[in-house]
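Report on the structure given below.
There are 2 protein chains.
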Amino acid sequence: MDTRKDIHNSEVPVLCQSCEARHNGMCGVLEPSELVALSKATRVVKQPAGAELAAEAEPVASYANVMRGVVKLTKTLEDGRQQIVGLQFAPDFLGRLFTQSSAVTAQAASDVELCRVPRAALERLIAENPALEHRLMQQTLRELDEARDWMVTLGRKTAAEKVASFLYLIATHLDPSKEEARHFDLPLTRADIADFLGLTLETVSRQLSKLRADQVIAIANNRHVDVFDMARLKKRCG
Amino acid sequence: MDTRKDIHNSEVPVLCQSCEARHNGMCGVLEPSELVALSKATRVVKQPAGAELAAEAEPVASYANVMRGVVKLTKTLEDGRQQIVGLQFAPDFLGRLFTQSSAVTAQAASDVELCRVPRAALERLIAENPALEHRLMQQTLRELDEARDWMVTLGRKTAAEKVASFLYLIATHLDPSKEEARHFDLPLTRADIADFLGLTLETVSRQLSKLRADQVIAIANNRHVDVFDMARLKKRCG
DNA sequence: CGGCGTTTTGAGCCAGCTCAACTGCTGTGG
DNA sequence: CCACAGCAGTTGAGCTGGCTCAAAACGCCG
Numbered sequence: 001m002d003t004r005k006d007i008h009n010s011e012v013p014v015l016c017q018s019c020e021a022r023h024n025g026m027c028g029v030l031e032p033s034e035l036v037a038l039s040k041a042t043r044v045v046k047q048p049a050g051a052e053l054a055a056e057a058e059p060v061a062s063y064a065n066v067m068r069g070v071v072k073l074t075k076t077l078e079d080g081r082q083q084i085v086g087l088q089f090a091p092d093f094l095g096r097l098f099t100q101s102s103a104v105t106a107q108a109a110s111d112v113e114l115c116r117v118p119r120a121a122l123e124r125l126i127a128e129n130p131a132l133e134h135r136l137m138q139q140t141l142r143e144l145d146e147a148r149d150w151m152v153t154l155g156r157k158t159a160a161e162k163v164a165s166f167l168y169l170i171a172t173h174l175d176p177s178k179e180e181a182r183h184f185d186l187p188l189t190r191a192d193i194a195d196f197l198g199l200t201l202e203t204v205s206r207q208l209s210k211l212r213a214d215q216v217i218a219i220a221n222n223r224h225v226d227v228f229d230m231a232r233l234k235k236r237c238g
Numbered sequence: 239m240d241t242r243k244d245i246h247n248s249e250v251p252v253l254c255q256s257c258e259a260r261h262n263g264m265c266g267v268l269e270p271s272e273l274v275a276l277s278k279a280t281r282v283v284k285q286p287a288g289a290e291l292a293a294e295a296e297p298v299a300s301y302a303n304v305m306r307g308v309v310k311l312t313k314t315l316e317d318g319r320q321q322i323v324g325l326q327f328a329p330d331f332l333g334r335l336f337t338q339s340s341a342v343t344a345q346a347a348s349d350v351e352l353c354r355v356p357r358a359a360l361e362r363l364i365a366e367n368p369a370l371e372h373r374l375m376q377q378t379l380r381e382l383d384e385a386r387d388w389m390v391t392l393g394r395k396t397a398a399e400k401v402a403s404f405l406y407l408i409a410t411h412l413d414p415s416k417e418e419a420r421h422f423d424l425p426l427t428r429a430d431i432a433d434f435l436g437l438t439l440e441t442v443s444r445q446l447s448k449l450r451a452d453q454v455i456a457i458a459n460n461r462h463v464d465v466f467d468m469a470r471l472k473k474r475c476g
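Residue numbers (my numbering), protein chains in the order written: chain A, 1 to 238; chain B, 239 to 476.
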């Protein structure tokens, strides 16, 4: 992989210089020399929405960093009932460390760009560099906090509160502005949203219509959402 | 703290020799010398059922290992709705690493015995010993897997399947026998079970009565449960 | 412009909730 | 040793939020 001398980023691979994982993701703890070594094994891949990235109970040959787009983690019961158990945004790390097979299916929710790392290469680097494991531990703890937050949403909130909570989560993750109002494109279909919230798609649609009727949001083209007032949305999260 | 020379456990503190955390918990990765040093700072405490061990959004002064009993982790909405987001059994580690305050309330579900470790002592040991962080990472990943499993239960299962799933979880954690039939005392009240399953306590009670009527379980004294056939119970988990 | 997948809207139903009464166990005081 | 208070659990009856099934509307692409 190409590298370039640079006063501020001497020896850092070109691709890594603008990558979010380099700044806020796991690569932030790596030395330039480690980054160069790792980048020899990594490969940036694009995947269209709907692509399956890893299947439940299947062995996975590689880990990845999400560079662009949203990945959904799902679990399915024998009779087909499905639940989304997590969403991953750039620059999240993707993959279950220290076990042969993933407990979830990972699927591209929107078009995504991933930076793939072969299993063995990453595990070797982790074994050599405790700071990397520490960083991954921090992300894992954050994911556990988020999973537990979502358990409250699934177990104890009404349909209206669930949909508001979903919009709030997406708004805070996709629109970085600090303004009161935010807007973004939903990375999930109504069916996906239903699978994330433990509802039917009809109920999701009805609740979105209600939020529109109540002037909390506007929806254009079924996908683009304007939140007029984040504080008002938050109040509806229960 | 007292120590004793022993051919097989030279220098290991007496209390640690019979402790589950020494065998399957985080202390399993510590050298005898580290264990001696750590045990100087730890303190075994008993707490009655209902005792609050750590409050949501409050700073915590110590971590702990669960030695006996069950600890419930709960989250509460402003209006009082509650959700149990995790149960911890011996020899689980208790506490949120690397952040000032816990995101959950920890409460003794049954009478419990904890081995308390001051925050600073454990964090120093983790910084010095990557193997310890690795072990804690493994538990964190396991907890994340369990949280995601439970999200499917909360979001997509019926009341009957939820109650069966709860009994299955408790049976596999509390009765280590490999037999088809198992029996144990429920560590949770009906209200707690409801808060774990996202149901009302009346619905929990009705579903337990149904399982009894269907000869899947027997209940004595409201707390003691006999599962006649684990395979049959598992089929009812959805 | 026509066809297909997604979303919205409507109408009726039912699983699980609410409210309420009752049972049974346990501990306490006479 | 019994009466009785208090709490946990059970059971019943009726209601309702979210589900199911069905059809119409919308947006997108050839």
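Ideal placement from N, C-alpha and C gives every residue a C-beta, glycine not left out. From a predicted model like this one, the values you see are computed outputs, not experimental measurements.
Query, Result
"Rounded to the nearest angstrom, what separates R428 of chain B and L132 of chain A at their Cα positions?", "43 Å"
"In angstroms with no decimal places, state the Cα-to-Cα distance between T241 of chain B and L273 of chain B.", "Because T241 of chain B sits at a pLDDT of 43, beneath the cut-off of 50, its placement in the model cannot be relied upon, and the following sentence gives the value as read from the coordinates. Taking the straight line joining both Cα atoms gives about 11 Å."
"Could you tell me the distance, in whole angstroms, from the CA atom of V163 of chain A to the CA atom of D229 of chain A?", "15 Å"
"Who are the near neighbours of G476 of chain B in its chain, counting only those whose CB is closer than 6 Å to its CB and skipping five residues on each side?", "K395 and E399"
"Who does V309 of chain B pair with in a DSSP beta bridge?", "B:Q326 and B:A346"
"Exposed or buried, T172 of chain A, counting other C-beta atoms within 10 Å across all chains shown (16 or more means buried)?", "exposed"
"Taking 6 Å as the limit between beta carbons, can you name the residues of its chain near Q100 of chain A, skipping five residues before and five after?", "P59"
"Can you check whether the C-beta of V163 of chain A is within less than 9 Å of a C-beta belonging to chain B?", "no"
"Does I245 of chain B pass the burial test, meaning 16 or more other C-beta atoms within 10 Å, or should it be called exposed?", "Residue placement at I245 of chain B cannot be trusted, given a pLDDT of 46 that sits under 50; the coordinates are not used to answer."
"Per DSSP, K284 of chain B is paired with what?", "B:E351"
"Per DSSP, what are the beta-bridge partners of Y301 of chain B in this structure?", "B:V355"
"Let me know if Q453 of chain B comes out buried or exposed under the rule of 16 or more other beta-carbons within 10 Å of its beta-carbon.", "exposed"
"Taking C-alpha atoms, which residue in A:L174, A:E78, A:L122 and A:A51 lies nearest to V390 of chain B?", "A:E78"
"Could you list which residues in chain B have their beta carbon closer than 8 Å to that of T140 of chain A, in chain order?", "M375, T378, L379 and L382"
"Can you name the residues of chain A whose CB is closer than 8 Å to the CB of P297 of chain B?", "Within chain A, no residue comes near P297 of chain B; the closest Cβ sits about 16 Å away, beyond 8 Å."
"Does any residue of chain B have a CB that is nearer than 9 Å to the CB of G198 of chain A?", "yes"
"List the whole-angstrom C-beta distance separating L53 of chain A from A108 of chain A, where the pair is believed to meet the contact cut-off of C-beta under 8 Å.", "6 Å"
"At 3 residues or longer, what runs of the beta strand (DSSP E) sit wholly inside the region 130-204 of chain A?", "182-185"
"Assuming M305 of chain B and R373 of chain B make a contact with CB atoms under 8 Å, what is their CB distance in whole Å?", "Not quite, the Cβ-Cβ distance comes to about 17 Å (not below 8 Å), so this is no contact."
"Express the C-alpha separation of A469 of chain B and E417 of chain B in angstroms, rounding to a whole number.", "11 Å"
"Does the region 139-147 of chain A come close enough to the region 377-388 of chain B to have 3 or more Cβ pairs within less than 8 Å?", "yes"
"Take the Cβ of K46 of chain A as the centre, count every other Cβ of all protein chains shown within 10 Å, and call the residue buried at 16 or more, exposed below.", "exposed"
"In chain order, what residues of the region 302-315 of chain B put their CB closer than 8 Å to some CB of chain A?", "L311, K313 and L315"
"Looking at the C-beta of F331 of chain B, does it have a partner C-beta in chain A at a distance below 9 Å?", "no"
"V465 of chain B by DSSP, collapsed to three states: which one?", "strand"
"Can you tell me which of the three DSSP states S101 of chain A falls into?", "strand"
"So, helix, strand or coil for Q17 of chain A, using DSSP?", "helix"
"May I ask which residues mark the beginning and end of the alpha helix (DSSP H) holding L30 of chain A?", "Note, L30 of chain A: premise wrong, no alpha helix (DSSP H); not H, not E."
"Give a yes or no on whether the C-beta atoms belonging to A287 of chain B and S348 of chain B are separated by under 9 Å.", "yes"
"If we ignore side chains and look at the alpha-carbon of each, how far apart do R92 of chain A and I84 of chain A end up?", "Correcting the residue identity first, residue 92 of chain A is Asp in this sequence and not Arg. The straight-line gap from Cα to Cα measures roughly 17 Å."
"Specify the secondary structure class of Q82 of chain A as computed by DSSP and reduced to three states.", "strand"
"Quick check: is the beta carbon of T337 of chain B nearer than 9 Å to any beta carbon in chain A?", "yes"
"What do you reckon, are the CB atoms on R354 of chain B and V342 of chain B nearer than 9 Å?", "no"
"Could you work out which residues of chain A lie near L276 of chain B, taking near to mean beta carbons separated by less than 7 Å?", "Within 7 Å Cβ-Cβ: nothing; L276 of chain B doesn't reach chain A, min ~19 Å."
"Along chain B, in chain order, which residues have C-beta atoms closer than 8 Å to that of E133 of chain A?", "P368, E371, H372 and M375"
"Buried or exposed: where does R281 of chain B fall if 16 or more other Cβ atoms within 10 Å of its Cβ makes it buried?", "exposed"
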